[in-house]
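Novice:
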Ligand code: HEM
Ligand SMILES: [Cu+2]
Ligand SMILES: [Cu+2]
């Protein structure tokens, strides 16, 4: 069918049935560098992204723990690193450093962890395998998308060096609102550090853009024969819709960040209003712009971006739930339509981040209605997941537990979103810890638990070995409990009005009594951070010593499970043909013998019984 | 293991919830001092009830689906159900539209000028700048003008308002973006460079209330606090008059200075006339 990829013909010359080893017999075996470093193989690139983003998860986590330390023990010396970082203050975090901490925490987690772990790692690994292609449509572009991620990391890191001082790193929040971010003299962190931060932001954007072009082309053009759109697994739908979002929203952010760079470096006034007295200048600016413009442009990308950080996880969780409940996905098409609706509505709700910004109040009402409406498709998805679990033969393993936690926390985070969508209530909650609770329930509670599940689920395919169940469940249990210990009380802090991004909220009398709760949360955060070492131990331990897994350890239906584990370059022994949808679990056609029916199993094989 | 699974299913989340009341009570008075703030609280409780019910039902549903299945030997072969899909689309849709439209009134009162309360008085211009609030009052008896007047009164971080009546401030920013936030009034408005934004509120109870900045404005953001002092109208007028006298005094004592000594009289002739 629709196969544009030229290598497809030479990989299987004349239908050569040699299988994995034979398929590439004619090719020179590439050297180490080409195989593992500058590889164009989507699986290798996926693994590179996975390892890099997991590393970044630890970097971001370290920032988080430092934030939590300051909130629990304000102005007390930071353990371990304190003395090395701040010899002049006796190891105490300075307020300048605190602003830099939450800026970098947000930046790393959003731009260097969640977005690339979903699209870069799992998107790369799963798309060709699940649609039965032998690689991405543009393998070189794919490689470039990984290798441009590193210059971005470099820019974020170099910003400290450029600033000449750790405490003067970029510090206007991951949202970088002007004028704080537009005036180089405004603050210790808004000098060169802010410029380098913007360069980094632009580069991660380029990396994502390369990825999304590739995913769109691959999904549209390279599906195996028989893999119609409505036979694609939900993971693919999630990636597909994400790539569309990315392709349309990202240019706006790139433009905005270039405009901000121009404001800073070239003296344009896109965001600086008329009559602004800039520090160090004696005349006020003329012909000015509008600081609100940045918020519109930024959120026009970053609201869709929160779905970019969620939809692929939603898709993967749908696949995993069906597999581990041994049941067809409940409402496959409604799931797709609701995902599409989320993506569509996602473009018209950005203003809900700006209810208190002073934009036109009538716009506020419009954005409230669209935002409240987006809860509808989200609700439909939740009901369908519960419908999928209901009546299933549930395997209570690490994958399923993480998936169930995903659904549960998505409910919590989604419902707290309704409070904030209601404008008058949001006027109170905006920029309090209620917001922090909300996005952590979605981003960490939902997405990251989905990612944990996906790691355990596809690990056998990635490495050929299985991860340890015991360690996996222990990691899940501790992370799950500690997670609620850290983030649930944030709703209470928000109700009590505690503002976010405060280095020391307790200087204000209404918040004095919140210190004890914050201390409790910090200890939960430390436990949760430590528990992630279990994940690392399990990951690398199992990679080296895990039980050999075979092709299809979960008895799943997707095409990826018919390839060898790990799949060789070129993926499949024979180009697969797809005969049915991905969710034929417990189908009566094969039922008494087995409860799965792979997508590529020809109908002849069970025609006798089926008849 | 089972316990973990129970929590995954998460009815367990439910038992954290009542804590919120403890915390909120601990944070000061439970009720907002601002009538609009009380309306916002009411809206909050309405959403809390709706979402609370949905929360408990869906989490129980999830738990039930998970554990109802335990020990099942064969999964149902079932691809979906149209009636169910329609039902669980329409019911939430109705609830969501209700929530959205129920908010409109309070929002209009807060932000749409034609819905502002009758007789709301502009009392001061508040200008945010890095790490402090600059306040400009008109001279007692005079209206607040857009541009500074020679007899304006200036203060820092302390906003005096009359209690029991709606007051309005004109909000500006001198440098970067800030946000004028009064948690006990449940209101918040960003201060944008290059714009003047009106904000109204009302203190029903005289007292001192905290004023915070809630938009990141730099390293000193956390300490950019102030206080709103609400006093009964007569006391407020007296306080303003005293403040005016103190500002105009050139250090020479009142007994020796005819001009300043005369001033309080002229000021207090028309106390209610500012608008
Ligand atoms: C160990 C786990 C984590 C802890 C303890 C933690 C803690 C925090 C805290 C305390 C803040 C508030 C900073 C402030 O505004 O004053 C924050 C902000 C934030 N966190 Fe996390 N976090 C964790 C994991 C994550 C993860 C996995 C993500 C990724 C999705 C994430 C994304 C964010 C974002 C986007 C912000 C907002 C940053 C900003 O306001 O500029 N966090 N986190
Ligand atoms: Cu949003
Ligand atoms: Cu501030």
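Chains as they are written, first to last, in the working numbering: chain A, 238 to 848; chain B, 17 to 291.
Note that the Cβ used here is the ideal one computed from N, Cα and C, for glycine as well.
(1) Based on the DSSP output, what are the partners of residue 217(B) in its beta bridges?
(2) Name the chain B residues that come within less than 8 Å of residue 564(A), Cβ to Cβ?
(3) Give a single yes or no on whether residue 502(A) has its beta carbon closer than 8 Å to a heavy atom of ligand 3.
(4) Are any of the Cβ atoms in chain E nearer than 9 Å to that of residue 173(B)?
(5) Does residue 840(A) come within less than 9 Å of chain B when only Cβ atoms are used?
(6) Go ahead and label residue 841(A) buried or exposed: buried means 16 or more other beta carbons lie within 10 angstroms of its beta carbon, across all protein chains shown.
(7) Between 272(A), 583(A), 425(A) and 804(A), which lies nearest to residue 696(A) when the distance is taken from Cα to Cα?
(8) Taking only beta-carbon positions, decide if residue 455(A) is within less than 9 Å of chain B.
(9) Give the DSSP bridge partners of residue 196(B), in chain order.
(10) Grouping DSSP H, G and I as helix and E and B as strand, with all else coil, what is residue 465(A)?
(11) Measuring alpha carbon to alpha carbon, tell me which residue in 197(B), 55(B), 253(B) and 154(B) is nearest residue 229(B).
(12) For the stretch 657-668 of chain A and the stretch 622-632 of chain A, state whether three or more C-beta atom pairs, one from each stretch, are separated by less than 8 Å.
(13) Quick one: Cα of residue 824(A) to Cα of residue 561(A), how far?
(14) Could you pull the start and end residues of the beta strand (DSSP E) that residue 385(A) belongs to?
(15) Tell me the residue span of the alpha helix (DSSP H) that contains residue 142(B).
(16) Which residues mark the beginning and the end of the alpha helix (DSSP H) in which residue 68(B) is found?
(17) Is residue 607(A) near residue 582(A), with beta carbons less than 9 Å apart?
(18) In chain B, which residues lie with their C-beta within 7 Å of the C-beta of residue 513(A)?
(19) Is residue 649(A) helix, strand or coil when you go by DSSP?
(20) Compile a chain-ordered list of the residues in the stretch 719-741 of chain A whose CB is closer than 9 Å to at least one CB of chain B.
(21) Expressed to the nearest angstrom, what Euclidean distance is found between the alpha-carbon atoms of residue 247(B) and residue 253(B)?
(22) Pull out every residue of the stretch 231-243 of chain B whose Cβ sits closer than 8 Å to any Cβ of chain A, in chain order.
(23) What does residue 130(B) reach in chain A if we use C-beta pairs closer than 8 Å?
(24) Tell me the DSSP bridge mates of residue 244(B)?
(25) For residue 527(A), decide whether its Cβ has a neighbour in chain B, counting only Cβ atoms nearer than 9 Å.
(26) Taking residue 692(A) as the query, report the chain B residues whose CB atoms sit under 8 Å from its CB, ordered along the chain.
(27) Short of 6 Å in beta carbon distance, which residues of its chain neighbour residue 809(A), apart from the five on each side in sequence? Order them along the chain.
(28) From what residue to what residue does the beta strand (DSSP E) around residue 297(B) run?
(29) For the structure I just gave you, are there three or more beta carbon pairs, one from the stretch 436-447 of chain A and one from the stretch 380-388 of chain A, closer than 8 Å?
(30) What are the boundary residues of the alpha helix (DSSP H) that residue 481(A) is part of?
(31) Give the interface partners of residue 867(A) over in chain B, defined as CB-CB distance under 7 Å, in chain order.
(32) So what does DSSP say about residue 271(A), is it helix, strand or coil?
(33) Can you have a look at residue 305(A) and say buried or exposed, based on whether 16 or more other CB atoms are within 10 angstroms of its CB?
(34) So, does the stretch 213-228 of chain B touch the stretch 116-133 of chain B, judging by three or more C-beta pairs under 8 Å?
(35) Report yes or no: do three or more beta-carbon pairs, one from the stretch 710-718 of chain A and one from the stretch 175-186 of chain B, lie closer than 8 Å?
(36) Is the number of C-beta pairs between the stretch 413-423 of chain A and the stretch 460-474 of chain A that are closer than 8 Å three or more?
Specialist: Well, looking at it:
(1) Reading the second chain from its first residue, position 201 is the one you call residue 217(B). Per DSSP, 183(B).
(2) Working through the first chain from its first residue, we reach residue 564(A) at position 327. The answer, in chain order, is 91, 92, 93 and 94.
(3) Here residue 502(A) corresponds to residue number 265 of the first chain, with the count starting at 1. No - ligand 3 has no heavy atom lying nearer than 8 Å to the Cβ of residue 502(A).
(4) Any reference to chain E falls outside this structure, whose protein chains are A and B.
(5) Walking along the first chain from the start, residue 840(A) turns up at place 603. With 9 Å as the cut-off, residue 840(A) does not count as an interface residue toward chain B.
(6) Counting from 1 along the first chain, the entry for residue 841(A) is found at position 604. With fewer than 16 other Cβ atoms within 10 Å, it is exposed.
(7) Counted from its first residue, the first chain places residue 696(A) at position 459. The candidate whose alpha carbon is nearest that of residue 696(A) is 804(A).
(8) Counting from one through the first chain, the residue named residue 455(A) turns up at place 218. Not closer than 9 Å to any Cβ of chain B, the Cβ of residue 455(A) fails to qualify, so no.
(9) Along the second chain, one-based indexing puts residue 196(B) at 180. 205(B) and 229(B).
(10) For the purposes of this step, residue 465(A) is taken as the residue at position 228 of the first chain. If DSSP states are grouped into helix, strand and coil, residue 465(A) belongs with coil.
(11) Taking the first residue of the second chain as 1, we reach residue 229(B) at position 213. Comparing Cα-Cα distances from residue 229(B) to each of 197(B), 55(B), 253(B) and 154(B), the minimum goes to 197(B).
(12) Fewer than three Cβ pairs drawn from the stretch 657-668 of chain A and the stretch 622-632 of chain A lie within less than 8 Å of each other, which leaves the two stretches out of contact.
(13) Walking along the first chain from the start, residue 824(A) turns up at place 587. Walking along the first chain from the start, residue 561(A) turns up at place 324. C-alpha separation (whole angstroms): 15 Å.
(14) One-based indexing of the first chain puts residue 385(A) at position 148. It is not in any beta strand (DSSP E) - residue 385(A) carries neither H nor E in the DSSP assignment.
(15) Locating residue 142(B) in the second chain gives position 126, counting from the first residue. Segment 137-145 is the beta strand (DSSP E) holding residue 142(B); no alpha helix (DSSP H) there.
(16) The count along the second chain starts at 1 and reaches residue 68(B) at position 52. Where residue 68(B) is concerned, the enclosing alpha helix (DSSP H) stretches over 51-84.
(17) In the first chain, the residue the question calls residue 607(A) occupies position 370. In the first chain, the residue the question calls residue 582(A) occupies position 345. Yes, these two residues count as a Cβ contact at 9 Å.
(18) Here residue 513(A) corresponds to residue number 276 of the first chain, with the count starting at 1. Ordered by position in chain B, the residues that pass the 7 Å Cβ test against residue 513(A) are 209 and 210.
(19) Against the first chain, residue 649(A) aligns to sequence position 412. Helix at residue 649(A).
(20) 721, 725, 726, 728, 729, 730, 732, 733, 734, 735, 736, 737, 738, 739, 740 and 741
(21) Here residue 247(B) refers to the residue found at position 231 when the second chain is read from its first residue. Here residue 253(B) refers to the residue found at position 237 when the second chain is read from its first residue. Cα to Cα, the separation comes out at about 9 Å.
(22) 231, 232, 233, 234, 235, 236, 237, 238, 239 and 241
(23) Your numbering for residue 130(B) matches position 114 in the second chain. Residues of chain A passing the Cβ test: none, with the nearest at roughly 10 Å.
(24) By one-based count along the second chain, residue 244(B) stands at place 228. In the DSSP output, where bridge partners are listed per residue, residue 244(B) has 175(B) and 225(B).
(25) Translated into positions along the first chain, residue 527(A) becomes position 290. Residue 527(A) has a beta carbon lying within less than 9 Å of a beta carbon in chain B.
(26) Locating residue 692(A) in the first chain gives position 455, where the first residue counts as 1. Listed along chain B, no residue sits closer than 8 Å to residue 692(A) by beta-carbon distance, the nearest being about 17 Å off.
(27) As a first step, residue 809(A) is located in the first chain; it is residue number 572 there, counting from the start. If you ignore the 5 residues before and after residue 809(A), its C-beta comes within less than 6 Å of the C-beta of 800, all in its own chain and listed in chain order.
(28) As shown, chain B starts at 17 and ends at 291. That puts residue 297(B) outside it, with no answer to give.
(29) Yes, they touch.
(30) Here residue 481(A) refers to the residue found at position 244 of the first chain. 471-502 is the span of the alpha helix (DSSP H), which, as asked, contains residue 481(A).
(31) Residue numbering for chain A in the displayed model covers 238 to 848; residue 867(A) lies beyond these limits and cannot be assessed.
(32) Within the first chain, residue 271(A) is the residue found at index 34, counting from 1. Residue 271(A) falls in the helix class under three-state DSSP.
(33) Taking the first residue of the first chain as position 1, residue 305(A) is located at position 68. Under this definition residue 305(A) is a buried residue.
(34) yes
(35) no
(36) no
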